[in-house]
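Structure record follows, encoded as structure tokens.
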Amino acid sequence: MKKRNILIFGMAGLFSLATMAQQTVTGIVQDRYGIPMKGVALFTVGAPENKVITGENGAFVLKADEGDYIEVRYADGKVRRVWVSDKSVKICLTDVDFLVENRGVEYTEREQTQAVTTISGEALRSNSSPNLTNALNGLFPGLMVKQTTGWTKNASLTVRGGGSLRGAEPLVIVDGIPRPLEYVNGDEVESISVLKDGAATALWGLRGANGVIVVKTKRGLYNTKSVNVNYTFGMGMPINQPKFVDGYTYAQMKNEALYYDGLEPQYNQAALDAFRDGSRPDLYANTNWMSEALRNHTTNHQLNLSFRGGGKSLRYYALVNYKNDQGLLNENLTQLSERYDAQMKKYDLNARINLDVDITSSTTATLSMFGLLREENRPRISEGTMFSYLYNTPSAVYPIRTSSGEWGGSLLFPNNPIAEIADIGYYRTDRRLLQSNLRIHQDLSMLAKGLSAELSLAYDNDAVFQETGTQSYVYEQNDLILNPNTGEYEIVTEKKGEDKALSINNNNLNSQYMRTVLEGKIGYDRAFGRHAVNGLLQYWQQSYVPKGRNNSMYRQSYMFAGGYNYDNRYALNVIVNRMGTSVLSRNDKYRTYPSVSAAWILSNESFMKNLQIIDNFKLRASWGRSGNDNIGYELDVRYWEGTGGYQFGVTPAGSSGMHAGTLAIEKLDIEIADKYDVGFDLQMLDKRLSLATDFYMDKRRNILVSNSSLYSAVIGAGIPSQCIGAVDTKGLELSLVWRDKVGKNFNYYVGGNFSSMKTEIMENGEGYQPYSYLYKKGNQLGQNYGLEAIGYFNDWDDIKKSPEQTFSDVRPGDIKYKDQNGDNQINEHDVVSIGHSINPGFFYGINLGFEYKGFGIDMLFQGAGQLSRMLNTASVYWPLRNGKSNLSKWYLEDNVRWTEETKNSATLPRLTTLNNANNFRSSTQWLADGSYLKLRNLNIYYNLPQKWIKPMRVNKCQVYVRGNNLFSWDHIDYANCEDISVNYPDLMSVYVGLNINF
1 MKKRNILIFG MAGLFSLATM AQQTVTGIVQ DRYGIPMKGV ALFTVGAPEN KVITGENGAF
61 VLKADEGDYI EVRYADGKVR RVWVSDKSVK ICLTDVDFLV ENRGVEYTER EQTQAVTTIS
121 GEALRSNSSP NLTNALNGLF PGLMVKQTTG WTKNASLTVR GGGSLRGAEP LVIVDGIPRP
181 LEYVNGDEVE SISVLKDGAA TALWGLRGAN GVIVVKTKRG LYNTKSVNVN YTFGMGMPIN
241 QPKFVDGYTY AQMKNEALYY DGLEPQYNQA ALDAFRDGSR PDLYANTNWM SEALRNHTTN
301 HQLNLSFRGG GKSLRYYALV NYKNDQGLLN ENLTQLSERY DAQMKKYDLN ARINLDVDIT
361 SSTTATLSMF GLLREENRPR ISEGTMFSYL YNTPSAVYPI RTSSGEWGGS LLFPNNPIAE
421 IADIGYYRTD RRLLQSNLRI HQDLSMLAKG LSAELSLAYD NDAVFQETGT QSYVYEQNDL
481 ILNPNTGEYE IVTEKKGEDK ALSINNNNLN SQYMRTVLEG KIGYDRAFGR HAVNGLLQYW
541 QQSYVPKGRN NSMYRQSYMF AGGYNYDNRY ALNVIVNRMG TSVLSRNDKY RTYPSVSAAW
601 ILSNESFMKN LQIIDNFKLR ASWGRSGNDN IGYELDVRYW EGTGGYQFGV TPAGSSGMHA
661 GTLAIEKLDI EIADKYDVGF DLQMLDKRLS LATDFYMDKR RNILVSNSSL YSAVIGAGIP
721 SQCIGAVDTK GLELSLVWRD KVGKNFNYYV GGNFSSMKTE IMENGEGYQP YSYLYKKGNQ
781 LGQNYGLEAI GYFNDWDDIK KSPEQTFSDV RPGDIKYKDQ NGDNQINEHD VVSIGHSINP
841 GFFYGINLGF EYKGFGIDML FQGAGQLSRM LNTASVYWPL RNGKSNLSKW YLEDNVRWTE
901 ETKNSATLPR LTTLNNANNF RSSTQWLADG SYLKLRNLNI YYNLPQKWIK PMRVNKCQVY
961 VRGNNLFSWD HIDYANCEDI SVNYPDLMSV YVGLNINF
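For what it's worth, this note's numbering labels the leading residue of the sequence shown as 1, then goes sequentially.
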């Protein structure tokens, strides 16, 4: 008994000595402006139960020993780790401390060994674009954002040139789950990161080859509460619209085109006079379809209401968002029917809630839920079809309504553009979207210090319901027909179509998908003196089940990630990801995706300590492998398929038949990307100057490509695709930001980023070509190809002396092409690479701004170069073809078309009403410089003085005026230089708004 008491007292004494040895660390946490930060959590790494929260003044008192590693965490959005070397410490959280959560692995720019660029959500909130994808323009080196035309289209995103022959769309991760970016609201974003190198994308295995965009939404704060209200009213004005000629000019040019086609004119002088004076509109109309169909602006409203805060154990962030968009169509047309409205309009109502609960000192739970209701309405035809009618229907063919009150129409143009908007019904979709995920984190330090476990489950359900209202109209066709009895032309009127009343079908499920993600992991994170180690073992699986056969995707992953850091000077990270996909062959569904990355933080070396101008200087290098499973099912199986029938029986009767389909792929594989990267990050001059540079190489292999041209058709069966494609990409990225303050009230910044890349197709499965210049192998992705135009045929003798043009009969005024191979024929063997790629060789962003006593301006420019566009839009650039298209002023006023009078100065071929496959094909004639510089965003704001708003218990009140796409310096007229397709117009947008924070 006596020995037992001695043992107990001895253990208590040792514990007391250990407690006495533990010192108290005091300090303050500030943001980059030196403002104290409330609600920041601090704890020692490996012992999260030893946690304190900063108060109003950002101060804290934490028990920690010298050599301990302290983690500073703000709303799970910013994180920094600091070695305890003194009893007092001042910690500053800046933009390099934004937390990137990537498949359970956490890191910040300060300590990362990978090529990752992260921006704050604040950088997005100066832009009021309703679609977040458009707000990303010019913000990230390596991320190309291409603005597309279309009412419902998102911007096209490409990371480091894409690098694949099978699509370049990056993977988007929202709060740890693969999800669409279009539903995220800029006000709820904490940070966005672009993962570019192999060390960052290997974590996503066979989904990471095209890069990854990681979005982190806001979460709650300890011991705080705030309410934010943001209202915006916007207007969009159509820009870059084509201008078409009037009826009289169209008739003149049609006659000219017929003359040079060797045909009789369509309109005599009386007809031309009728076009001019409008005396016979049923036959000789002058209808400006675009101005009749469209109004001069759209309107939209956005309202965001958010709540953020928490107590000692519960933190919350909630946002409710409402927005609408009233489209560009003329309201007199869309409301023609009393039973429906055909206006192009959208309504969104969504809500997000993020909860974090400290169940115990060692157990935390996070719950995130997002719900969206969206309604979209338009005329029954798609916006692409609608605008093709508006573009291609000449003003001269018929009036909107004839003198009898019927819709106008004709044999060649039976679809009246206005009637197709106003009198065919409507198409409406209703989206119901739910996204949810629950995560439980358990600290296991009671078993081993630094050990933890986590389990999470996510479930998304997206369903779109469709309602279609269908009706049809009668149109009147008026033609001049020669009466053989009288020899006079007479008006013949014929009514066509059918007048059907509105019928509604609302029982259709347009689309649906369900996504489930299950994740479990065991982590270890510990510091031993100046040595910090971490490790992760993770199991991950995903099921994606959309509507339709063979569309489901199932993926599964077993992953190890480990890291080592010595004294915040040397860092090493290793990943091994074994991941499988359901599209691969049975018993061969898994591939391994490893990576290794390292960093040397020179600024923490003793020989750099005396260089006061250097705040942070880090060298990085990485290699990693990722994949792309964007292939179809059952490529490794040969099936019987239906084919032509046969006659069988005594009395022959037709029967259907079957034959063996395309041969199976013997070695089905997944596209892989080996990514190499070296770079450095530099902060200097008291963090006023930030610089980052990366040099990279991406080697794609095993790309699925068609190789039917490699084998003879004599084989008697369909040739399978093969996984032999290869593309190499090399590039440079640079970003630079200067932030400073002059005096007490003037803050300013100037920044920019530049990205340059070159792709090369190493293998694409193409077969033998008779001439070396015909091979696409060795060229860039997206390279333009066509004939080399060398002028126009001036006369028949010129045609006779020139190589034979085999595409169609040629006449004086047609395009003359270079005979590349000298065989005295112009054919497909004369097609060469022309201009640049459709993808830019370089792109850049420039951002600058200032604030003085609450008044501020932010500007964002974005541009691209070394790219070419083919001007092949019907009616705009290729007019009158087959007599079924229109004629724009670009052809008549902005250029010089070939005529007998202008043959020596012409810049365009003659007008023609024929198909003319010789002129209307890809060539240098239609190639345009696609480079541009645009003012993407302008933000002018004023923060009301505190003395005005404090009596109202308001923390901040800002009024602002913003603009998107305010101007563009480019080389393409009458179209968006980034997307010249026929669709909903490009818009210049202006917004006014009010933001209040309580």
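For each residue, glycine too, the CB sits at the ideal point set by N, CA and C.
As the structure is a computational prediction, the values presented were derived from the model and not from experiment.
Opening and closing residue of the alpha helix (DSSP H) in which residue i lies
i           : result
residue 275 : 269-277
residue 968 : Careful: residue 968 lies outside any alpha helix (DSSP H), inside the beta strand (DSSP E) at 956-970.
residue 773 : No alpha helix (DSSP H) holds residue 773; DSSP gives it neither H nor E.
residue 798 : 796-801
With 16 other Cβ atoms within 10 Å as the buried cut-off, status of residue i
i           : result
residue 612 : exposed
residue 8   : Here the model assigns residue 8 a pLDDT of 39, short of 50, so the residue's position is not dependable, and the following value carries that caveat. Burial call: exposed.
residue 21  : Confidence at residue 21 is low in this model, with a pLDDT of 49, below 50, so its placement is unreliable and no value can be given for it.
residue 925 : buried
residue 649 : exposed
residue 213 : buried
residue 639 : exposed
residue 124 : buried
residue 503 : exposed
residue 978 : buried
residue 980 : buried
residue 129 : buried
residue 242 : buried
residue 331 : exposed
residue 741 : exposed
residue 934 : buried
residue 671 : buried
Beta-carbon proximity of residue i to residue j, cut-off 8 Å
i           : j           : result
residue 782 : residue 839 : yes
residue 478 : residue 402 : yes
residue 117 : residue 150 : no
residue 464 : residue 429 : yes
residue 930 : residue 869 : yes
residue 407 : residue 473 : yes
residue 881 : residue 113 : no
residue 378 : residue 427 : yes
residue 603 : residue 615 : yes
residue 159 : residue 189 : no
residue 329 : residue 238 : no
residue 988 : residue 236 : yes
residue 72  : residue 61  : no
residue 458 : residue 173 : no
residue 535 : residue 523 : yes
residue 68  : residue 79  : no
N- and C-terminal bounds of the beta strand (DSSP E) containing residue i
i           : result
residue 364 : 363-379
residue 238 : 224-239
residue 728 : 722-742
residue 683 : 671-684
residue 600 : 590-601
residue 493 : 489-528
Supposed contact pair residue j and residue i - C-beta distance, whole angstroms, cut 8 Å
i           : j           : result
residue 283 : residue 491 : 7 Å
residue 385 : residue 417 : Their Cβ separation, rounded to whole angstroms, is 10 Å, which puts residue 385 and residue 417 out of contact at 8 Å.
residue 185 : residue 319 : 7 Å
Segment contact, 8 Å Cβ cut-off, at least three pairs: the segment 220-232 with the segment 164-182: They do not touch, by the three-pair rule.
The segment 199-217 / the segment 617-635 touching (three or more Cβ pairs under 8 Å): With a cut-off of 8 Å, the segment 617-635 and the segment 199-217 count as touching, because enough Cβ pairs lie within range.
Cβ pair count under 8 Å reaching 3, the segment 637-651 against the segment 547-554: Per the Cβ contact rule, the segment 637-651 is not in contact with the segment 547-554 (fewer than 3 Cβ pairs under 8 Å).
Cβ contact (3+ pairs, closer than 8 Å) linking the segment 156-174 and the segment 584-595: Contact between the segment 156-174 and the segment 584-595 is absent, with fewer than three C-beta pairs closer than 8 Å.
The segment 286-294 in contact with the segment 253-264 per 3-pair CB rule at 8 Å: Touching, no, given that fewer than three Cβ pairs across the two stretches are closer than 8 Å.
Touch test, the segment 746-761 against the segment 723-734, Cβ-Cβ under 8 Å, three pairs minimum: Contact annotation: the segment 746-761 touches the segment 723-734, with at least three C-beta pairs closer than 8 Å.
Cβ contact (3+ pairs, closer than 8 Å) linking the segment 441-460 and the segment 512-519: Contact between the segment 441-460 and the segment 512-519 is present: three or more C-beta pairs spanning the two stretches fall below 8 Å.
The segment 258-268 / the segment 336-345 touching (three or more Cβ pairs under 8 Å): Touching, no, given that fewer than three Cβ pairs across the two stretches are closer than 8 Å.
Stretch-stretch touch, CB-based, cutoff 8 Å, three pairs: the segment 906-914 with the segment 854-863: The segment 906-914 vs the segment 854-863: no contact.
Three-pair Cβ contact test at 8 Å for the segment 913-924 versus the segment 892-904: As far as the Cβ criterion goes, the segment 913-924 does not touch the segment 892-904, which means the pair count is below three.
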